[in-house]
Structure formats: structure tokens, C-alpha cells
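Protein sequences, first through last, are from chains A and B. Position one of the first sequence corresponds to residue 1334 (the working numbering), numbered consecutively onward. Position one of the second sequence corresponds to residue 1334 (the working numbering), numbered consecutively onward. One structure is given here, and the rest of the page talks about it.
There are 2 protein chains.
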Amino acid sequence: MTSVLVIDDDADLLRALRINLSARDYRVATAGDGGAGLSAVAREHPDAVIVDLGLPDMEGADVIRGVRGWSSVPIIVLSARDQEAQKVEALDAGADDYVTKPFGMDELLARLRAATRRIPASTGAPVIETADFRLDLQAKLVRLTSGAPVRLTPTEWQLLETLARNRGRLVSRLQLLQQVWGPEYHTETHYLRVYIAQLRRKLEPDPSRPRYLLTEPGMGYRFSD
Amino acid sequence: MTSVLVIDDDADLLRALRINLSARDYRVATAGDGGAGLSAVAREHPDAVIVDLGLPDMEGADVIRGVRGWSSVPIIVLSARDQEAQKVEALDAGADDYVTKPFGMDELLARLRAATRRIPASTGAPVIETADFRLDLQAKLVRLTSGAPVRLTPTEWQLLETLARNRGRLVSRLQLLQQVWGPEYHTETHYLRVYIAQLRRKLEPDPSRPRYLLTEPGMGYRFSD
DNA sequence: GCCGACCGCAAGGATTCCGTAAAGATCCCG
DNA sequence: CGGGATCTTTACGGAATCCTTGCGGTCGGC
């Protein structure tokens, strides 16, 4: 199920969006201002974000940049202002689309579909199979080849998922921290050491000599199969 | 350089777009109707497509579906019609954005930037291949042609990366030092000697007779393939 | 042939980084 | 409100990396 985060300070509009999106089987989360929005993105990892400009606490473009600093989730901007400079600023800050109020709900939903449609093409197969375990990203399920299911905590899963989605590529410590713990984390590298060790204990045939979750000293980690 | 294909039957608009896009360093191709547009997409492989609805020979949505059948190139729709049903149909047919005429050129350009920005993350993979090894800058991965992965330290990577990004060109010692160690370094040329030697030991088939990492005495180094 | 400038190479100490275990804090659910 | 699971924090031994130094070799000018 696709999840959407709506950031808006207009309670009526928020309610209208929640009703319409829920009716289309979206999972909806909401936030009332920019600060709450940014932490909600970090916490919920939504598949798309709809953000109103003119929030009480932050400039719209700053909200967008705050998200773009560490996430590439699609962002659709809502705004009452239809001056061109406004649109250009929001789009160049990293927004994917810009809809002017008043807007038609059908159009917004179509633009939301367009924005979310682009993602799965780039990510690829959601099932990863190795000699020792089988990883289903969509079902959030891990099984050893022996058949035994592996139980992962939410944090362990997010970490593993981030690495698996970048299979073969090196993922920097900063990127891992921000993807899993949120944008304000960038020095807590010991979190990574602890959780990587836990994942290795659960997945690697010989945890002290990792074969899949590789350390690149001074840089980050790599999922290699 | 980013290339754009414009499909439109309005000669004036075509000319205006060509001028504005060329001025921003886009490579521009044009087509006057849907059929010509489809074959132009196949022939030119543009990085983005701008298509007008209301072409003389085809329905707009059919043009979009014709492209989407085999390509995921970003499509921006231009249209004089701003009925909601029209927008929904185009977007659901596979368009990435929908701009209503009359439109501001700055807005269109911003939307074009937004549409093309999403691509390079998935495709633009800078991979350098030689007879002896294969270098993937994005994944930070080096493999010898034998298949054996090569393990590089962070400093070794930065050095190799700066040389590789200037492939064929001479890179001065000063530039290397400042790029890898920081702007305040400019006399520590012995760092370079040490790390170049380590890279050669890991990459060159005969480290004492370098073939790829060449010394230019008194000047700097050069990556040559 | 001598000399200086420059480069390659190896080795060792200092420093940073990583793996691991374990204890305290927090959250969640019944 | 209690208990279990999860998350955070700490500490330390060991490993990897970085910086430094010294020596020997090569090349070109004189």
C-alpha cells in the first residue's frame, strides 16, 4: 500500500485530503507545520509527500530542501500563489510537481499517481536471493535457506533494506544514518556498528567473517551477493 | 548535454521553444505531428519529451502511450485545454507533467529541470573499463578483469577518483593535494608518491612499469587508458 | 662523471575506526 | 502498571588506515 504524508496547516484541507486519499487505499499521515513534517518524513518514510507552501513555521522551499538533503521521495507542492517565481523556486529546490489552489481532487490524485509511478521502475526486483538467505523487500520477510524465518526489529529491517536497495554499491555512513535514523543524525556512527553486528549475527553464516554485509573502513558498508 | 524532443504542430511555439531551450544549452529536436514524434523518440533517444496535445494526426494520449510502450523518458504535456478529465487522462497514460497554455517559459523550464533531474540517479553510471580492471565510481567498486574485487582505502579512492574524472588529462600535484587532502595542503608531495605507489600495487599488472597511472615528472600524474 | 632534483619503495609509530558485549533507558502491549 | 522487546549509550581490545621517515634509484644539466 502506498503511503502519503500531507503537510498542511489548514485543518479543512487536511481532512478533505485524508478522506479522499484513504478512499483510494492510500495510507495517510499528516503534519501541521514544517518541523513536524520533516520529522514525520524521517519517521514514516512515506512513498510521497504533499506539502502546502505558506506553513506557519518555515519557508516552503526550506521544507523541500530539508527533505531533499537526504531523501528522494516524490514531493508535490500545493500553493495558493501562482506566481511563476514561486513555482520555479519550489521546483528547483527539489519539488517534483506544483499544483495551484484551488485544485481539482482528480487532478491531484492523477499527479500523485504520476509521481509515485516513477519509483518502482528505478528500484528493481524486490526479492534478493543469496546462498544463505532470501530477502523479500516487498513482504518485509527474510528466510534462511534452511527455511527458518528470521526475526528483525524495525531498525534492523530499515538498515538492511537500505543496503539491499543499493546492492553492490557502497553506501556511506552518513547516508545510512540519515535514511534509517533521520536527517539530524550524522555523527552517531556507533549505531551502525551495533546494528550491523546484529544483522550479521542473524544473517551471516560466520558473523565474524562477513560475506554479505561488508565493511569499507572509513567510508561505509556494502551489501554484496 | 541534455537533449529534448519537442512535438508540436504550432510553428511559432516550436520556434520559441527551440530558441529558449537552445539558449539554456539543451540540444533540441522537433517533430510536427504524432507519427513523426514517435519515430523521433525512437531515433534520437532524447532525455526528455515535450508534447503538445491536439496534434493533427493522433490523440495526445495515444502519443504518450506509444512512447511509454517501450521507453520511460520523461514526458511533459502542453495543452490549451485545462479540463480536469483531460489532465487525468494524459497523466494516467504515462505523462510526467501537464502544463496549461498559456504558460510561462521559466515555469516550463523549471518543470523540465525537475523531470530530467530524476533520471541521472538511476542511469548516469560513470564506469571506466580498461584491459586490466573495471572502475565503477558511483558504487565505489573496482574489480580486476579476473573478477577479484580490489579493496581501496578512503584516501586511495579519492585520489583515484580525481584522476579518473580527469581521464587522459594531466592533473597537477597541487590540484590532487587540495582535492584529496584539503585546500591547505600544497607542499606535501610525498603523500602523493606514497599513495600513487599503493594504487599501482593494487591496480597495475606490473607496478614498476605503470601503464595507467602515469607520472609526469615535475608536474603531476595522469590516468591514461 | 658529479651533483642535485625528483621519484619509487618499504617500514614503523600514531591515530582513527571497527567489532563486540553488556548495561541502562525507553517504548509498547496487554 | 508490569514485563518484554527494542533502542541508546558506553567501554575496550584489536584491526585498518594515515602520516612520517629514510634510503636508493633515475634522469638531466654541467
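Note that beta-carbon positions come from the ideal geometry of N, C-alpha and C, so glycine has one too.
Exercise for the section: Any chance you could list the alpha helix (DSSP H) runs of at least 4 consecutive residues sitting entirely within the stretch 1380 to 1412 of chain A, in chain order? Expected result: 1393 to 1401
Practice task
Establish whether the CB of E1440(A) and some CB of chain B are separated by less than 8 angstroms.
Solution key: If you number the first sequence from 1, residue 1440(A) lands on position 107. Cβ-Cβ to chain B under 8 angstroms: yes for E1440(A).
Exercise for the section: Pick out whichever of N1353(A), T1488(A), G1367(A) has its Cα sitting closest to the Cα of V1361(A). Expected result: In the first sequence, counting from the first residue as 1, residue 1361(A) sits at position 28. Here the closest residue by C-alpha is N1353(A).
Problem - CA-to-CA distance, A1481(A) to P1538(A), given in whole angstroms - result: Working through the first sequence from its first residue, we reach residue 1538(A) at position 205. Working through the first sequence from its first residue, we reach residue 1481(A) at position 148. Their backbone Cα atoms lie some 13 angstroms apart in a straight line.
Exercise for the section: Note down, in chain order, each residue of its chain lying with its Cβ closer than 6 angstroms to the Cβ of R1534(B), except the 5 sequence neighbours on either side. Expected result: Stepping through the second sequence from its first residue, residue 1534(B) is reached at position 201. So the list reads P1540, once near-sequence residues are dropped.
Problem - Separation of Y1554(A) from W1514(B), as counted between CA atoms - result: Working through the second sequence from its first residue, we reach residue 1514(B) at position 181. Working through the first sequence from its first residue, we reach residue 1554(A) at position 221. Each residue's alpha carbon lies about 23 angstroms from the other.
Practice task
Report yes or no: do three or more beta-carbon pairs, one from the stretch 1409 to 1419 of chain A and one from the stretch 1358 to 1378 of chain A, lie closer than 8 angstroms?
Solution key: no
Exercise for the section: Return the chain-ordered list of same chain residues with a C-beta closer than 6 angstroms to the C-beta of L1492(B), the five sequence neighbours on each side being excluded. Expected result: Within the second sequence, residue 1492(B) is the residue found at index 159, counting from 1. Excluding sequence neighbours, L1492(B) sits near V1513, Y1528.
Problem - chain A residues whose Cβ lies nearer than 7 angstroms to that of E1417(B) - result: The residue given as residue 1417(B) occupies position 84 in the second sequence. Neighbours of E1417(B) on chain A, chain order: G1437, D1439, E1440.
Problem - Coarse secondary structure for A1472(B), derived from DSSP in three states - result: Counting from 1 along the second sequence, the entry for residue 1472(B) is found at position 139. Correct three-state label for A1472(B): coil.
Practice task
Mind checking who F1436(B) pairs with in its DSSP beta bridge?
Solution key: Walking along the second sequence from the start, residue 1436(B) turns up at place 103. Paired residue(s): none; F1436(B) is not in a bridge.
Problem - chain A within 8 angstroms of R1555(B), Cβ atoms only - result: Here residue 1555(B) refers to the residue found at position 222 of the second sequence. Judged by the 8 angstroms Cβ criterion, R1555(B) is not in contact with chain A.
Problem - Exposure label - E1440(A); buried when at least 16 CB within 10 Å - result: For the purposes of this step, residue 1440(A) is taken as residue 107 along the first sequence, with counting starting at 1. Result: buried.
Handout entry: Given 8 angstroms, three or more beta-carbon pairs between the stretch 1380 to 1391 of chain A and the stretch 1337 to 1354 of chain A
Key = yes
Exercise for the section: Give the single residue among P1389(B), P1487(B), L1350(B), Q1511(B) whose Cα lies nearest to the Cα of A1506(A). Expected result: As a first step, residue 1506(A) must be located in the first sequence, where it is residue number 173. One detail in the question is off: residue 1506(A) reads as Arg in this sequence, not Ala. Selected option, being the one with the closest Cα: P1487(B).
Practice task
Would you list, in chain order, the members of the stretch 1500 to 1529 of chain A that have their beta-carbon closer than 8 angstroms to a beta-carbon of chain B?
Solution key: G1501, R1502, L1503
Practice task
Return no unless some Cβ of chain B is closer than 8 angstroms to the Cβ of R1451(A).
Solution key: In the first sequence, residue 1451(A) corresponds to position 118, counting from 1. Yes, its Cβ sits closer than 8 angstroms to a Cβ of chain B.
Practice task
Can you have a look at Q1419(A) and say buried or exposed, based on whether 16 or more other CB atoms are within 10 angstroms of its CB?
Solution key: Numbered from 1 along the first sequence, position 86 holds the residue referred to as residue 1419(A). The residue is buried, with at least 16 neighbouring Cβ atoms inside 10 Å.
Exercise for the section: Give the residues from the stretch 1472 to 1489 of chain B that approach chain A closer than 9 angstroms (Cβ to any Cβ), ordered along the chain. Expected result: A1472, K1473, L1474, P1482, R1484, L1485, T1486, P1487, T1488
Practice task
Report all residues from its chain with a CB closer than 8 angstroms to the CB of S1455(B); omit the five preceding and five following residues, and keep chain order.
Solution key: Start at 1 with the first residue of the second sequence, and residue 1455(B) comes out as number 122. Legend: pLDDT at S1455(B) = 46, less than 50; position of this residue unreliable, value from coordinates given subsequently. Around S1455(B): no qualifying Cβ.
Practice task
Could you give the DSSP three-state label for Y1524(B): helix, strand or coil?
Solution key: Translated into the one-based positions of the second sequence, residue 1524(B) becomes position 191. It is helical.
Practice task
Please confirm whether T1536(B) and Y1524(B) have their CB atoms less than 8 angstroms apart.
Solution key: By one-based count along the second sequence, residue 1536(B) stands at place 203. By one-based count along the second sequence, residue 1524(B) stands at place 191. Here residue 1536(B) turns out to be Leu, not Thr, going by the sequence shown. No. Outside cutoff.
Practice task
Using a cut-off of 7 angstroms between C-beta atoms, extract the partners of R1444(A) located in chain B.
Solution key: Counted from its first residue, the first sequence places residue 1444(A) at position 111. Those are L1424, listed as they occur along chain B.
Practice task
Flag V1421(A) as yes if its beta-carbon sits less than 8 angstroms from any beta-carbon of chain B, otherwise no.
Solution key: For the purposes of this step, residue 1421(A) is taken as residue 88 along the first sequence, with counting starting at 1. With 8 angstroms as the cut-off, V1421(A) counts as an interface residue toward chain B.
Problem - Residue-chain proximity (A1349(B), chain A), Cβ-Cβ < 8 angstroms - result: For this step, residue 1349(B) is matched to residue 16 along the second sequence. Not one chain A Cβ lies under 8 angstroms of A1349(B).
Exercise for the section: Out of A1447(A), D1415(A), L1474(A), V1374(A), point me to the one whose CA is closest to R1398(A)'s CA. Expected result: Here residue 1398(A) corresponds to residue number 65 of the first sequence, with the count starting at 1. Closest by alpha carbon: V1374(A).
Exercise for the section: Please classify K1434(A): is it buried, with 16 or more other beta-carbons within 10 angstroms of its beta-carbon, or exposed? Expected result: On the first sequence, residue 1434(A) is found 101 positions in, with the first residue counted as 1. So K1434(A) counts as exposed.
Practice task
Give the interface partners of I1428(A) over in chain B, defined as CB-CB distance under 8 angstroms, in chain order.
Solution key: Position 95 of the first sequence, counted from the start, is the residue given in the question as residue 1428(A). For the record, residue 1428(A) in the displayed sequence is Ala; it is not Ile. Near A1428(A) (Cβ distances below 8 angstroms), the residues of chain B are A1447.
Handout entry: Three-state class that DSSP yields for P1487(A) in the structure shown
Key = Looking up residue 1487(A) in the first sequence gives position 154. Helix.
Practice task
Flag G1402(A) as yes if its beta-carbon sits less than 8 angstroms from any beta-carbon of chain B, otherwise no.
Solution key: Within the first sequence, numbered from 1, the residue matching residue 1402(A) stands at position 69. Not closer than 8 angstroms to any Cβ of chain B, the Cβ of G1402(A) fails to qualify, so no.
Practice task
Verify the CB distance criterion: does M1391(A) have a CB-CB separation below 8 angstroms to chain B?
Solution key: Start at 1 with the first residue of the first sequence, and residue 1391(A) comes out as number 58. No, because no Cβ of chain B sits closer than 8 angstroms to the Cβ of M1391(A).
Practice task
Mark R1444(B) as exposed unless 16 or more other C-beta atoms lie within 10 angstroms of its C-beta, in which case mark it buried.
Solution key: For the purposes of this step, residue 1444(B) is taken as the residue at position 111 of the second sequence. R1444(B) comes out buried.
Exercise for the section: Please confirm whether R1467(B) and R1476(B) have their CB atoms less than 8 angstroms apart. Expected result: Along the second sequence, read from residue 1 onward, the residue named residue 1467(B) stands at position 134. Along the second sequence, read from residue 1 onward, the residue named residue 1476(B) stands at position 143. Their beta carbons are under 8 angstroms apart, which means R1467(B) touches R1476(B) by this criterion.
Practice task
Please state if the CB of D1430(A) and the CB of D1430(B) are separated by a distance shorter than 8 angstroms.
Solution key: Here residue 1430(B) refers to the residue found at position 97 when the second sequence is read from its first residue. Here residue 1430(A) refers to the residue found at position 97 when the first sequence is read from its first residue. Yes, they are a contact pair.
Practice task
Could you name the residues that DSSP lists as bridge partners for D1358(B)?
Solution key: Numbered from its first residue, the second sequence carries residue 1358(B) at position 25. D1358(B) is not bridged to any residue.
Practice task
For R1467(B), name the three-state secondary structure that DSSP assigns.
Solution key: As a first step, residue 1467(B) must be located in the second sequence, where it is residue number 134. Three-state result, R1467(B): strand.
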